Amino acid sequence: MGSMCFYVSSVTNAIRGKELLDKNGIRAHISRLADENIKNGCGYCIFVSSDYERAESLLRSCGIRIRGARKMNDLK
Amino acid sequence: MKGGTVYFDNAATTWPKPYSVRKAVNRALTEYGANPGRSGYPMALAASRQVYRCRELAAEFFNLNNPSNVVFVQSCTMALNIVIKGLLKNGGRAVVSDMEHNAVMRPLHAVSPGYPVYDVATVFLGDTERTLESFGRCIRPATRAIVCLHASNVFGVRLPVREIGMLARRHGLAMVVDAAQSAGVLPIDMQADCIDYLCVPGHKGLYGPMGIGMLLCGSDRFIPPLLEGGTGSFSASLRQPQDLPDRFESGTVNTPGILGLAAGIEFVKRQGINEIANREMRLISYIYSRLERMKNIRLYTPKPDFSWSAPVLSFNIEGRHSEEVADALSKKGIAVRAGLHCAPNAHRKFGTLDTGTVRVAPSAHTTMAEAGYLCGVIERMAG
Chain L
27 MGSMCFYVSS VTNAIRGKEL LDKNGIRAHI SRLADENIKN GCGYCIFVSS
77 DYERAESLLR SCGIRIRGAR KMNDLK
Chain C
90 MKGGTVYFDN AATTWPKPYS VRKAVNRALT EYGANPGRSG YPMALAASRQ
140 VYRCRELAAE FFNLNNPSNV VFVQSCTMAL NIVIKGLLKN GGRAVVSDME
190 HNAVMRPLHA VSPGYPVYDV ATVFLGDTER TLESFGRCIR PATRAIVCLH
240 ASNVFGVRLP VREIGMLARR HGLAMVVDAA QSAGVLPIDM QADCIDYLCV
290 PGHKGLYGPM GIGMLLCGSD RFIPPLLEGG TGSFSASLRQ PQDLPDRFES
340 GTVNTPGILG LAAGIEFVKR QGINEIANRE MRLISYIYSR LERMKNIRLY
390 TPKPDFSWSA PVLSFNIEGR HSEEVADALS KKGIAVRAGL HCAPNAHRKF
440 GTLDTGTVRV APSAHTTMAE AGYLCGVIER MAG
């Protein structure tokens, strides 16, 4: 099952984003950033397995800066 | 009497701490001991979640809409330093009240030691209109902020912060509130009170441990950090991250302090902030009533009343220095603070700069029996 990974700068934003998505019925989990394509290093990812567009829109609407996004083949 | 001490020094630090606070501090060290915001293994993420939970609790408690704008700092003083030095970094002036603590006055002095960059407004007890007029008269074209305490840490005098906040907003100024004596005792609504920056200690009315405070940012004005360093974010860049809270949280945060603070906020919510305030005000009113009937006692305000006061009072015994009185009370197992309370301006206003005062401040744990004991000892001392 595929998933979308949204890169955010800090653990605070990651937890805030996950809680926001959970409250809106989108299951999410967070992990440490592990993507060499993201410049400047160190950060966190929010993984969602459905409703990618709505998830992104919700995150942006509450001011969470998304540094990048990547479709993943496997939900970790 | 708790642990052999009748404790009336709660304006400095509340004591005893609730059991839930002590337990939370212990849990931080035993269950959440990893560094939050730096790694992805379970204990580190669990610690991060606990830290974030405290941000949520604080944001809700003070009605701030974004938990990320709750910044953990070491103290209310640190929060005030960040805001004052940041807002005035490129010039400008601030308006302050005539009762400010050194946590406000020394950073303002440090901004420009040779030339005061502040104007001092007069607070009139219980007279919001005259107080507001005084603040209004101090606003100049160069004014950038109003920085004021919510309640005096010496005399309990309360400022009409909502009205002052509205004045600041009308003039496009930042409203900075030093809530050292009010957070957890008087209701604070950052949005309704028009507060842009709320500076809060964790170890007083919120019953957390020492070494933790908060800066709650309700404004998107840019304030540069006082410290730069590791934040666990954007690590390849030499530039300090600009997002909150990372901009102001370089270095490892104080997880035991933060978890203890969260438990303290929950304690206040469970007890009810109004219930705590009413209870403390009843105790202060009782003490005041007893003291005003005694010979040789000097009181400096009218009887405390919620319309203008927080539950703190100051007194002296005629002919005796405040430190001498505090020392004598200490020998009877009573803890109070004497002297100038780091607030020389407040003492200047009330004419007590030379002698200081003896300050009495109850907490949610103080009993009427303790208040009675205090009054009995003072009565015998005052003769």
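Protein sequences, first through last, are from chains L and C.
If you want the working numbering, it's the 1-based position in the first sequence plus 26.
If you want the working numbering, it's the 1-based position in the second sequence plus 89.
Where is the CB? At the ideal position from N, CA and C, for every residue including glycine.
Here the structure is a predicted model, which is why all the values come from computation and not from measurement.
- With contacts defined as CB atoms closer than 8 angstroms, Val172 of chain C and Leu333 of chain C fail to qualify as a contacting pair.
- Asp332 of chain C has a beta carbon lying within less than 8 angstroms of a beta carbon in chain L.
- For the pair Leu348 of chain C and Cys143 of chain C, the Cα-to-Cα distance works out to about 7 angstroms.
- With contacts defined as CB atoms closer than 8 angstroms, Leu350 of chain C and Leu305 of chain C fail to qualify as a contacting pair.
- Along the segment 145-156 of chain C, the positions whose C-beta sits under 9 angstroms from a C-beta of chain L are Glu145, Asn155, Pro156, read in chain order.
- Exclusion of the five residues before and after Ala231 of chain C leaves Gly180, Gly181, Arg182 as the residues of its chain whose Cβ lies within less than 8 angstroms of its Cβ.
- Here DSSP, grouped into helix, strand and coil, assigns Gly254 of chain C to helix.
- By the criterion of at least three beta-carbon pairs nearer than 8 angstroms, the segment 91-100 of chain C is not in contact with the segment 72-91 of chain L.
- At a cut-off of 8 angstroms between beta carbons, Leu316 of chain C makes no contact with chain L.
- Among the residues facing chain L, Gly92 of chain C is not included, as its CB has no counterpart in that chain under 8 angstroms away.
- Uninterrupted alpha helix (DSSP H) stretches at least 4 residues long and entirely within the segment 212-282 of chain C occur at 217-227, 250-259, given in chain order.
- Annotated three-state conformation of Phe404 of chain C is strand, per DSSP.
- Chain order gives the chain L residues near Arg138 of chain C as Ile41, where near means a beta carbon separation below 8 angstroms.
- With a cutoff of 8 angstroms on beta-carbon distance, His239 of chain C and Ser201 of chain C are scored as not near each other.
- At least 8 angstroms separates the CB of Cys31 of chain L from every CB of chain C.
- With a contact defined as Cβ atoms closer than 8 angstroms, Pro391 of chain C and Ile373 of chain C miss out at about 12 angstroms.
- Assignment of beta strand (DSSP E) within the segment 132-213 of chain C, counting only whole runs of 3 or more residues, yields 159-162, 182-186, 207-210 in chain order.
- Cβ neighbours of Asp98 of chain C within its own chain (closer than 7 angstroms, five residues either side excluded): Ala424, Val425, Arg426, Ala450.
- In this structure, C:Thr444 is the residue among C:Met188, C:Pro433, C:Gly203, C:Thr444 with its C-alpha nearest to the C-alpha of Gly408 of chain C.
- Residue contact check for Phe323 of chain C against chain L: a CB pair falls below 8 angstroms.
- For Asp335 of chain C, the C-beta contacts it makes with chain L under 8 angstroms involve Ser35, Ser36, Thr38, in order along the chain.
- Under the three-state reduction of DSSP, Phe439 of chain C is assigned to helix.
- Using beta-carbon distances, Ser339 of chain C does not count as an interface residue toward chain L, since no partner is under 8 angstroms.
- Around the beta-carbon of Arg328 of chain C, fewer than 16 other beta-carbon atoms lie within 10 Å, marking it exposed.
- Near chain L, meaning a CB-to-CB distance below 7 angstroms, the residues of the segment 122-133 of chain C are Pro125, Gly126, Ser128, Gly129.
- At a cut-off of 8 angstroms between beta-carbon atoms, Ser76 of chain L makes no contact with chain C.
- Judged by DSSP secondary structure, Thr446 of chain C falls within the beta strand (DSSP E) whose first and last residues are 446-449.
- Note that the C-beta distance between Pro298 of chain C and Lys106 of chain C is below 8 angstroms.
- Of all alpha-carbon atoms in C:Cys288, C:Val243, C:Glu218, the one lying nearest the alpha-carbon of Met255 of chain C is that of C:Glu218.
- Cβ-Cβ separation between Gly346 of chain C and Gly300 of chain C: approximately 5 angstroms, consistent with a contact (criterion under 8 angstroms).
- Residue contact check for Tyr141 of chain C against chain L: a CB pair falls below 8 angstroms.
- The three-state reading of DSSP puts Gly353 of chain C in helix, counting H, G and I together.
- In this structure, the beta-carbon distance from Ser109 of chain C to Phe356 of chain C falls below 8 angstroms.
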